[in-house]
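Residue numbers are given in the numbering used here: position 471 of the sequence shown equals residue 471, and the series is strictly consecutive.
Just so it is clear, CB atoms sit at the ideal spot from N, CA and C, and this is done for glycine as well.
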Amino acid sequence: MKKSLSVLLILGSAYSFAQTKISGKVDNENNLPIKDVMVTLGDNIATVKTNKKGEFQFNSIQKGNYKLVLSYKDYSPLDTIISIDNNPIILDFKMKQNVTYLKGVTLVQHKNDNLKNTTSHTLSTKVLEKYSSKSLGDALQEVEGVSALRTGSNIVKPVINGLHSSRVAVYADNVRVEDQEWGSEHAPSVDINNYNKVTVITGANALKYNGNAIGGMVLLQPEIPVKKDSLYGKTLFTYNTNGRGGSISTNLTKTYKSGLYFGTTLTGKYLGDSEAPKYVLSNTGIRNQDVNLRVGYDRVKYGVDASYSFYNSTIGILTASHIGNITDLVSAINNHKPNYVGDFTYSIDNPKQEIQHHIAKINAYYKFDNLGKLDFQYAFQHNSRKEYDLRRGQYKNIPALDLVLNTQTANLDFESKKWNGVSFQTGLSGLYQTNKANPSTNVMPLIPDYNRYDFSAYGIFDYKPSSKLDFNAAVRYDYSYVEAFKYYLKTRWESLGYDKTFPQFYKSTVGSQILAYPKFNYSNISSSIGATYHINHYNSLIFNAGYLMRNPNPSELFSDGLHHSTGIIEIGNLGLKQEKALKASLSFKHEEENFQWDVTPYVNKINDFMQLVPSTIEYTIRGAFPVWKYVQNNALIFGIDANAQWNYNQNFSQRTAISYIHGRNTTDKEALIDMPPLNWVNSITYTNPRWNDFNVTLRNQTFFTQHNYPNYNFHSTIIQDGESKDVLVDISTPPKGYSLFDISAGMDFSKMLHWQKTGFNVSFSVDNLFNTTYRNYLNKQRFYADELGRNFMIQLRFNY
Numbered sequence: 001m002k003k004s005l006s007v008l009l010i011l012g013s014a015y016s017f018a019q020t021k022i023s024g025k026v027d028n029e030n031n032l033p034i035k036d037v038m039v040t041l042g043d044n045i046a047t048v049k050t051n052k053k054g055e056f057q058f059n060s061i062q063k064g065n066y067k068l069v070l071s072y073k074d075y076s077p078l079d080t081i082i083s084i085d086n087n088p089i090i091l092d093f094k095m096k097q098n099v100t101y102l103k104g105v106t107l108v109q110h111k112n113d114n115l116k117n118t119t120s121h122t123l124s125t126k127v128l129e130k131y132s133s134k135s136l137g138d139a140l141q142e143v144e145g146v147s148a149l150r151t152g153s154n155i156v157k158p159v160i161n162g163l164h165s166s167r168v169a170v171y172a173d174n175v176r177v178e179d180q181e182w183g184s185e186h187a188p189s190v191d192i193n194n195y196n197k198v199t200v201i202t203g204a205n206a207l208k209y210n211g212n213a214i215g216g217m218v219l220l221q222p223e224i225p226v227k228k229d230s231l232y233g234k235t236l237f238t239y240n241t242n243g244r245g246g247s248i249s250t251n252l253t254k255t256y257k258s259g260l261y262f263g264t265t266l267t268g269k270y271l272g273d274s275e276a277p278k279y280v281l282s283n284t285g286i287r288n289q290d291v292n293l294r295v296g297y298d299r300v301k302y303g304v305d306a307s308y309s310f311y312n313s314t315i316g317i318l319t320a321s322h323i324g325n326i327t328d329l330v331s332a333i334n335n336h337k338p339n340y341v342g343d344f345t346y347s348i349d350n351p352k353q354e355i356q357h358h359i360a361k362i363n364a365y366y367k368f369d370n371l372g373k374l375d376f377q378y379a380f381q382h383n384s385r386k387e388y389d390l391r392r393g394q395y396k397n398i399p400a401l402d403l404v405l406n407t408q409t410a411n412l413d414f415e416s417k418k419w420n421g422v423s424f425q426t427g428l429s430g431l432y433q434t435n436k437a438n439p440s441t442n443v444m445p446l447i448p449d450y451n452r453y454d455f456s457a458y459g460i461f462d463y464k465p466s467s468k469l470d471f472n473a474a475v476r477y478d479y480s481y482v483e484a485f486k487y488y489l490k491t492r493w494e495s496l497g498y499d500k501t502f503p504q505f506y507k508s509t510v511g512s513q514i515l516a517y518p519k520f521n522y523s524n525i526s527s528s529i530g531a532t533y534h535i536n537h538y539n540s541l542i543f544n545a546g547y548l549m550r551n552p553n554p555s556e557l558f559s560d561g562l563h564h565s566t567g568i569i570e571i572g573n574l575g576l577k578q579e580k581a582l583k584a585s586l587s588f589k590h591e592e593e594n595f596q597w598d599v600t601p602y603v604n605k606i607n608d609f610m611q612l613v614p615s616t617i618e619y620t621i622r623g624a625f626p627v628w629k630y631v632q633n634n635a636l637i638f639g640i641d642a643n644a645q646w647n648y649n650q651n652f653s654q655r656t657a658i659s660y661i662h663g664r665n666t667t668d669k670e671a672l673i674d675m676p677p678l679n680w681v682n683s684i685t686y687t688n689p690r691w692n693d694f695n696v697t698l699r700n701q702t703f704f705t706q707h708n709y710p711n712y713n714f715h716s717t718i719i720q721d722g723e724s725k726d727v728l729v730d731i732s733t734p735p736k737g738y739s740l741f742d743i744s745a746g747m748d749f750s751k752m753l754h755w756q757k758t759g760f761n762v763s764f765s766v767d768n769l770f771n772t773t774y775r776n777y778l779n780k781q782r783f784y785a786d787e788l789g790r791n792f793m794i795q796l797r798f799n800y
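And the structure:
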């Protein structure tokens, strides 16, 4: 349908010998540039896409009259007739969104000013949709410098520049997710389908959010509702052959021109046993049910937003990984195959995990004329974690670990307006947290009852002295008080020397146990500086450095007993001090329409670095188990992340990314444990807008063998063939490197099926295309089984 529009023609003076160029810019109604608008000249003479600045260009166009057509999903198309002579033409267009009942809306979000001068990477909605049936940890591996610490196939924790767990903060809709994140087999309790933008911060320059995330941060942000009378949403159906199940996720948003909006997201996931190339990984099914509700009222000067999310997950733990003693561990390592392989099933038996996580939040803001914006937020979280062991008799269906964590937080933030290039932010926050261990498990709780109280204050100063330079500095103060109520075996209390070093914590003796009441308080000051220098239109430098401090978490302080899901005895350390990290990075970025690249070297020097490392063997009534203890050393971690993308033409593009990290225990002069190996990712993509936006991508991931690792191997006596034997238990040597190929393709069938008002897209992918057998160094179950084999996935997406 032809539209009437205003075209600004600015005549140039360059003579082009009967040929000239056409260039222009496309904005939305808010004067923000629109990327990937299809601009077609004449009867398919040429087609280009706008870049991230909304710009497009045609070169070497002959004289004549041409029809120019602009199209972009969820926007009204534009077309006009232009006359070409010997002079260049510059065109300005403004496209309007379609706003009809059940019509999808594409949103352009403002860049988060809190992340200026910070090394960060953002995952788009398209990438998040690809991982709809998978986890946050899986999706984050799309970012260079981010790896995954795994426990089997379904439990995935993000590793940023070699650090994970308490060192990586996850924020969901501006609320830090407070779950039992201390364990290697504890994945973040979030559903990525609730969010349309995920940002990974690998620098040290986000002190508004946190002062102890010395590894990095992950920010999950929901969509920004439009201020229009509209109803829109989408539904994703995903099916995986590996696991023989999938997921369905649907969200719907109702918005009003007044600024009122309502939204909901519902997700369900159901998969059976995963499969390695040669066998079934028994008892690795997963169930997820997730709900997100949101309501808000957004005006120019004030607004309020309230949300509630519920995450419910049941995760099977590989049966073969549930060892009974050192003999089983040695057998698993030497045999290179699981000690139990059953038929495929959808049932989930013990061992397993059951996790429920609730987040309720309310946020309100008010903007003062000529002053700034004031925000207040209150959030409540309830996390329930149950871990079921292989138990018999009356305890068969009673969890061996049953923890309930409740957290309340309040934040007050103020962000000033900008005066002559200067602005500032400041804020206060408080936290109250309680952890309760259910005593009816008949097992001494690995983590005891405790209370935690936090108070924080921060200030951020931003200065833009010129169009080429941005600068900021930040400081943050954190105070934390922790008190615990814990029983120790008397023999353990004395063997650790606590009777002499911490006599003030002793309360009483109850039979063979010591009742202790440990209390700790910590005061931390963190600071950072950052600067961005725009060398020219294409090149920029980003520098940031920070001094951060992290307190020992309850697991590092208080762990005491057999962690059934990992088959090791974990021993905390009441003598642990705060970690103190000095991290610096320098990013060089080059960005032009058809070629972008960036490279980021970084260094992180950490004093009193806390590690869980193997130490000895302990014999229990269930057998002999390796004992892992928390120790402190100084550490040095440095590395480099690099990424490049070429757009050869409107059809072909290529991307390559490489990450290298080196971790060193400088106290003992040995490597750090669990450092990701060198990895290199390459992909090539073909797209053809004329074929219903057809696209196909071939991707290769190469993970090299990790040669930089510490030797924690030990000797143990086991019973083999009825005889006692002394054997070497090799728990240190990393597996060999490997290379994986994936392929994915997609097409939009909306026009073909005349479903333009809704939108229908189909995508298909194959992971591990050649069914490669391999083991991952960062998988805690690498001793017991291979990684996943080939997986075919089909996804249907309906946009309303």
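{"Check": "Cβ-Cβ distance between T407 and Q377 below 9 Å", "Outcome": "no"}
{"Check": "Rounded separation between H357 and R550 - CA only", "Outcome": "24 Å"}
{"Check": "Cβ neighbours of T746 in the same chain (closer than 6 Å, five flanking residues each side left out)", "Outcome": "In the sequence under discussion, the amino acid at residue 746 is Gly, which differs from the Thr named in the question. Hits under 6 Å: N695 and S763."}
{"Check": "Spatial neighbours of H121 in its chain, beta-carbon cut-off 6 Å, leaving aside the 5 residues before and after", "Outcome": "V143 and V200"}
{"Check": "contact_flag[the region 431 to 449, the region 547 to 562] where n(CB pairs < 8 Å) is 3 or more", "Outcome": "yes"}
{"Check": "Rounded Cβ spacing between V198 and V168 (contact assumed at less than 8 Å)", "Outcome": "Not really, about 13 Å apart at Cβ, beyond 8 Å."}
{"Check": "Simplified DSSP state of A14, which is helix, strand or coil", "Outcome": "Caution applies to A14, whose pLDDT of 36 falls short of 50 and renders its modelled position unreliable; the value that the coordinates give is listed next. If DSSP states are grouped into helix, strand and coil, A14 belongs with coil."}
{"Check": "Per-residue burial, H110 [other beta carbons within 10 Å of its own, 16 or more giving buried]", "Outcome": "Low local confidence applies: a pLDDT of 39 at H110 is under 50, so the model's placement there is unreliable, with the coordinate-based value given in what follows. Exposed."}
{"Check": "Three-state secondary structure (DSSP) of S135", "Outcome": "coil"}
{"Check": "Unbroken stretches of the beta strand (DSSP E), 3 residues or longer, contained in the region 542 to 606", "Outcome": "560 to 563, 568 to 571 and 579 to 592"}
{"Check": "Sequence ranges, beta strand (DSSP E) only - wholly within the region 214 to 297, length at least 3", "Outcome": "216 to 221, 230 to 240, 245 to 255 and 260 to 271"}
{"Check": "Contact belief for K67 with G42 at Cβ below 8 Å, rounded distance in angstroms", "Outcome": "6 Å"}
{"Check": "Close beta carbons around N411, own chain, < 6 Å, minus the five adjacent residues each side", "Outcome": "Q377 and S429"}
{"Check": "Among A581, N643, L612 and F609, the one whose alpha carbon lies nearest that of S587", "Outcome": "N643"}
{"Check": "Beta-bridge partners of W646, as assigned by DSSP", "Outcome": "F595 and Q654"}
{"Check": "Three-way DSSP call (helix, strand, coil) for K103 in this model", "Outcome": "Legend: pLDDT at K103 = 37, less than 50; position of this residue unreliable, value from coordinates given subsequently. K103 falls in the coil class under three-state DSSP."}
{"Check": "Close-in-space but distant-in-sequence residues of the same chain around T705 (CB under 7 Å, 5 per side omitted)", "Outcome": "P677, P734, K736 and G737"}
{"Check": "Proximity winner among T345, N335 and I315, relative to K352 (alpha-carbon distances)", "Outcome": "I315"}
{"Check": "Contiguous beta strand (DSSP E) assignments of at least 3 residues, all confined to the region 752 to 792", "Outcome": "760 to 767"}
{"Check": "7 Å CB neighbourhood of F609 in its chain, flanking five on each side removed", "Outcome": "E579, Q632, N633, N634 and A635"}
{"Check": "Where I155 sits in the DSSP three-state scheme", "Outcome": "strand"}
{"Check": "Stretch pair the region 411 to 423 + the region 358 to 376: three plus CB contacts closer than 8 Å", "Outcome": "yes"}
{"Check": "Nearest-angstrom Cα separation, counted from K669 out to Y804", "Outcome": "No answer is possible for residue 804: the residues shown for the chain start at 1 and end at 800."}
{"Check": "Where N435 sits in the DSSP three-state scheme", "Outcome": "strand"}
{"Check": "Coarse secondary structure for I525, derived from DSSP in three states", "Outcome": "strand"}
{"Check": "Nonlocal neighbours in the same chain, by C-beta distance under 6 Å from E55, ignoring five residues either side", "Outcome": "K25"}
{"Check": "For L788 and E275, the rounded distance between their alpha carbons", "Outcome": "6 Å"}
{"Check": "Status (buried if at least 16 other CB within 10 Å, exposed otherwise) for I246", "Outcome": "This sequence places Gly at residue 246; Ile is not what is there. Flag for G246 reads buried."}
{"Check": "Cβ contact (3+ pairs, closer than 8 Å) linking the region 496 to 512 and the region 455 to 469", "Outcome": "no"}
{"Check": "F741 beta carbon less than 9 Å from that of N776", "Outcome": "no"}
{"Check": "Boundaries of the beta strand (DSSP E) in which R699 is found, first to last residue", "Outcome": "F694 to F703"}
{"Check": "Cβ-based neighbour list, K52, same chain, cut-off 6 Å, excluding 5 preceding and 5 following", "Outcome": "K35"}
{"Check": "Pairwise C-alpha distance: F798 and D748", "Outcome": "10 Å"}
{"Check": "Span separating the alpha-carbon of Y364 from that of Y297", "Outcome": "Correcting the residue type first, residue 364 is Ala in the shown sequence and not Tyr. Taking the straight line from one Cα to the other gives about 9 Å."}
{"Check": "Assigned secondary structure, L9 (DSSP; H/G/I helix, E/B strand, else coil)", "Outcome": "Bear in mind that the predicted position of L9 carries a pLDDT of just 33, short of 50, making it too unreliable to give a figure here."}
{"Check": "Where P676 sits in the DSSP three-state scheme", "Outcome": "coil"}
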